[in-house]
Amino acid sequence: MPGMPKKFGVGSIKFSAASFHEATQEIGRLISEPPEIGRSIHFANAYNIALAENDPEYQALMNQGDYVFTDGTPVVWAGRKIHPNVTWERIYGPDVMEWALRNSTISEPRHYFLGSTEQTMTKLLKNIELEFPTARIVGFECPPFRDLTETELQKRDKRIGESRATVVWVGLGTPKQDYETRRLARNLPITAMAVGAAFDFLAGTVPQAPKWMQKSGLEWSYRLAREPRRLARRYFWGNPQFIRSVVRHRE
Numbered sequence: 139m140p141g142m143p144k145k146f147g148v149g150s151i152k153f154s155a156a157s158f159h160e161a162t163q164e165i166g167r168l169i170s171e172p173p174e175i176g177r178s179i180h181f182a183n184a185y186n187i188a189l190a191e192n193d194p195e196y197q198a199l200m201n202q203g204d205y206v207f208t209d210g211t212p213v214v215w216a217g218r219k220i221h222p223n224v225t226w227e228r229i230y231g232p233d234v235m236e237w238a239l240r241n242s243t244i245s246e247p248r249h250y251f252l253g254s255t256e257q258t259m260t261k262l263l264k265n266i267e268l269e270f271p272t273a274r275i276v277g278f279e280c281p282p283f284r285d286l287t288e289t290e291l292q293k294r295d296k297r298i299g300e301s302r303a304t305v306v307w308v309g310l311g312t313p314k315q316d317y318e319t320r321r322l323a324r325n326l327p328i329t330a331m332a333v334g335a336a337f338d339f340l341a342g343t344v345p346q347a348p349k350w351m352q353k354s355g356l357e358w359s360y361r362l363a364r365e366p367r368r369l370a371r372r373y374f375w376g377n378p379q380f381i382r383s384v385v386r387h388r389e
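For the sequence shown, the numbering used here gives the first residue as 139, with consecutive numbering after it.
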């Protein structure tokens, strides 16, 4: 595919190395009109690498994705150390989603949102209407917190197809959202993106870490302090596993 970044390994995952500008220009091209076949875009951080290191199925899924961008600052640092002659910048899912909404026109792209709670979705849509009035939203839904049946998935695919969406933003939590993003891309001619906490951040229901903490690699400590029960395993287990994976695959 023209413009598709080359992939380089960091730990257990192969990343699409690019600058933020390069990544958003390619994403903008993809979501402006329906592709001939679906495309999946993932934003992976240290936790994704830790999960993939210990789960061969998830590792295969991520490495088969069309694009896997560097969502976390520690991943960027590791990439620069391992592959010093390659461009590595943080390509953060929430920033990409905001960029796409800000650069939308009335006609394209056609946005569909999948995930979160009804309360958060309502706030998200209201904020988009206020801050990005030219962004065209063609559908949204908040699925139940359980595995859907095959019939339910088929009906959802039909709704997305009938909306003529060109991009589906998926915020179902890691790793569920990565599996769903890949499934959607296989079944529909859309670009599906797994964007993690982007719905919460843009809705204003969860505050983001200050920029200096994001740039210094301390965002995890900010999020852990705010949601210790939910995120304790993610960081206390995930961070050491990330380091182990990077060291192991560098050999």
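Backbone N, C-alpha and C define an ideal beta-carbon position, used for all residues, glycine too. Predicted, not measured: the structure shown is a model, and the values here were computed from it.
* Would you decide whether Ser359 is buried or exposed? Buried here means 16 or more other CB atoms lie within 10 Å of its CB. => By one-based count along the sequence shown, residue 359 stands at place 221. Result: exposed.
* To do: Quick one: give me the first and last residue of the beta strand (DSSP E) that Val234 is part of.
  => Position 96 of the sequence shown holds residue 234. Here Val234 belongs to no beta strand (DSSP E); instead the alpha helix (DSSP H) covers Gly231 to Arg240.
* Identify, in the order they occur along the chain, each residue of the same chain with its Cβ nearer than 7 Å to the Cβ of Leu239, setting aside the five sequence neighbours on each side. => The residue you call residue 239 lines up with position 101 of the sequence shown. By the criterion of a C-beta distance shorter than 7 Å, Leu239 is surrounded in its chain by Ile266, Phe270 and Ala273, once the five residues flanking it on both sides are discounted.
* To do: Measure the alpha-carbon distance for Leu326 versus Arg361 and round it to whole angstroms.
  => Working through the sequence shown from its first residue, we reach residue 326 at position 188. Working through the sequence shown from its first residue, we reach residue 361 at position 223. Their Cα atoms are separated by approximately 34 Å.
* Under three-state DSSP, which class holds Met142? -> For the purposes of this step, residue 142 is identified with residue 4 of the sequence shown, where counting begins at 1. For Met142, the three-state secondary structure derived from DSSP is coil.
* Where the alpha helix (DSSP H) containing Glu164 begins and where it ends -> For this step, residue 164 is matched to residue 26 along the sequence shown. Run containing Glu164: Phe158 to Ile169, per the alpha helix (DSSP H) assignment.
* Asked: When you compare each of Gly210, Asp285 and Val234 to Gly376 by their alpha carbons, which one comes out closest?
  -> Here residue 376 refers to the residue found at position 238 when the sequence shown is read from its first residue. Of the candidates Gly210, Asp285 and Val234, Gly210 places its Cα closest to the Cα of Gly376.
* Asked: Buried or exposed: which applies to Asp285, given that a residue is buried once 16 or more other Cβ atoms fall within 10 Å of its Cβ?
  -> Taking the sequence shown and counting its residues from 1, one reaches residue 285 at position 147. Asp285 is exposed by the Cβ-count criterion.
* Do the CB positions of Phe146 and Val224 come within less than 8 Å of each other? -> Residue 146 sits at position 8 when you count from the first residue of the sequence shown. Residue 224 sits at position 86 when you count from the first residue of the sequence shown. The Cβ-Cβ distance between Phe146 and Val224 falls below 8 Å.
* Among the residues of its own chain, which have a CB less than 8 Å from the CB of Ala363, if the five just before and after it don't count? -> Counting from one through the sequence shown, the residue named residue 363 turns up at place 225. Around Ala363: no qualifying Cβ.
* Asked: Between Pro140 and Pro366, what straight-line distance do the alpha-carbon atoms span, to the nearest angstrom?
  -> The residue labelled residue 140 in the question sits at position 2 within the sequence shown. The residue labelled residue 366 in the question sits at position 228 within the sequence shown. With a pLDDT of 49 at Pro140, under the threshold of 50, the predicted position of this residue should be treated as unreliable, though the coordinate-derived value follows. The straight-line gap from Cα to Cα measures roughly 43 Å.
* Between the CA atoms of Ala370 and Leu356 - distance to the nearest angstrom -> Translated into the one-based positions of the sequence shown, residue 356 becomes position 218. Translated into the one-based positions of the sequence shown, residue 370 becomes position 232. Cα-Cα distance, rounded: 15 Å.
* Pull up the distance between the alpha-carbon of Glu318 and that of Val308, whole angstroms please. => Reading the sequence shown from its first residue, position 180 is the one you call residue 318. Reading the sequence shown from its first residue, position 170 is the one you call residue 308. Going from the Cα of Glu318 to the Cα of Val308 covers about 8 Å.
* Pro222 vs Thr304 beta-carbon contact at 8 Å -> Translated into the one-based positions of the sequence shown, residue 222 becomes position 84. Translated into the one-based positions of the sequence shown, residue 304 becomes position 166. With a cutoff of 8 Å on beta-carbon distance, Pro222 and Thr304 are scored as not near each other.
* **Pairwise C-alpha distance: Ala198 and Ala184** => By 1-based counting over the sequence shown, the position of residue 184 is 46. By 1-based counting over the sequence shown, the position of residue 198 is 60. Computed Cα separation, rounded: 17 Å.
* Asked: Helix, strand or coil for Val148 per DSSP?
  -> The residue given as residue 148 occupies position 10 in the sequence shown. Strand at Val148.
* Asked: Which value, in whole angstroms, describes the spacing of the CA atoms of Val206 and Val148?
  -> Here residue 206 refers to the residue found at position 68 when the sequence shown is read from its first residue. Here residue 148 refers to the residue found at position 10 when the sequence shown is read from its first residue. Rounded to the nearest angstrom, the two C-alpha atoms are 11 Å apart.
* Does the distance from the CB of Leu262 to the CB of Leu310 come in under 8 Å? -> In the sequence shown, residue 262 corresponds to position 124, counting from 1. In the sequence shown, residue 310 corresponds to position 172, counting from 1. Not closer than 8 Å, so no.
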